[in-house]
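In what follows, a structure is listed as structure tokens, so that the remarks can point back to it.
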Amino acid sequence: MNCYYCGMPITNGSTFCQNCGRQVFSPNQNNTGYLTISRPKKFLGCAVAYKVYANGLLLGKVPNGQTVSFPLPYGVHNIFIRCGMGEGMTQITMNEQYPNIALYCPMELGLLKNKINFILIQSN
Ligand SMILES: [Zn+2]
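Note that numbering that gives the first Met the number 0 gives residue 20 to position 21 of the sequence shown, counting from 1, and the numbers run on in steps of one.
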């Protein structure tokens, strides 16, 4: 088995990846949900991808106007998005009752710092 995040081989029975330190999990396991981030298409800031983090670890990127799903193990996750001068944070709880959490994340332009908003659009 290889690490879901960094791709390095994982010793059987390990709880954490020896290479990147992240918790070992497989998206095929039963205790896995999906976080879906939808980003509206906007002219301003369009060249920069949203960087999506869960508990401080980079999950991946969401380009302008796109929707991307990231597998996550059940549990409480602090979700952080950064995009150039913009950022936003929220907390989600993923479990058997709510394995799929979808967030609509528009960016609100400010004078000094842009704010990324989190709007729950689906949870079941
Ligand atoms: Zn790893």
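From the three backbone atoms N, C-alpha and C, an ideal C-beta is built for every residue, glycine too.
Burial state of residue i, where buried means 16 or more other Cβ atoms lie within 10 Å
i	result
Ala-46	exposed
Met-128	Since the displayed the chain opens at 0 and closes at 123, residue 128 lies outside it and no answer follows.
Phe-15	exposed
Ile-115	buried
Cys-104	buried
Phe-42	exposed
Met-7	exposed
C-alpha distance - residue i paired with residue j, whole-angstrom precision
i	j	result
Leu-71	Gln-121	16 Å
Ile-91	Leu-34	9 Å
Gln-22	Lys-50	20 Å
Phe-143	Tyr-3	In this structure the chain extends from 0 to 123, so residue 143 is not present and cannot be described.
Phe-24	Gln-17	13 Å
Gly-12	Lys-40	43 Å
Ile-118	Thr-89	10 Å
Asn-113	Thr-10	42 Å
Asn-99	Gly-32	5 Å
Tyr-97	Leu-111	36 Å
Asn-29	Ala-53	19 Å
Lys-37	Asn-94	Before going on, a small fix: residue 37 reads as Ser here, not Lys. Roughly 21 Å between the two C-alpha positions.
Ile-80	Gln-65	14 Å
Cβ-heavy atom distance, residue i to ligand 2, below 8 Å
i	result
Asn-63	In the structure on display, ligand 2 does not appear, and the ligands it does have are ligand 1.
Span of the beta strand (DSSP E), counted from its first residue to its last, around residue i
i	result
Phe-69	66-72
Ser-37	31-37
Contacting residues, own chain, Cβ-Cβ under 6 Å from residue i (five flanking each side not counted)
i	result
Leu-58	Val-51, Phe-69
Ala-101	Thr-35, Ile-120, Gln-121
Gly-20	none
Gly-85	Met-106, Asn-113, Ile-115
Sequence-distant residues of the same chain with beta carbon closer than 7 Å to residue i, five excluded per side
i	result
Pro-62	Ala-48
Own chain residues within Cβ distance below 8 Å of residue i, not counting five before or after
i	result
Tyr-73	Asn-30, Thr-31, Gly-32, Met-93, Asn-94, Glu-95, Pro-98
- Query: At which residue ranges does the segment 48-115 contain complete beta strand (DSSP E) runs of 3 or more residues, listed in the order of the chain?
  - Reply: Listed in chain order, the complete beta strand (DSSP E) runs (minimum 3 residues) inside the segment 48-115 are 49-53, 56-61, 66-72, 74-82, 85-93, 99-103, 113-115.
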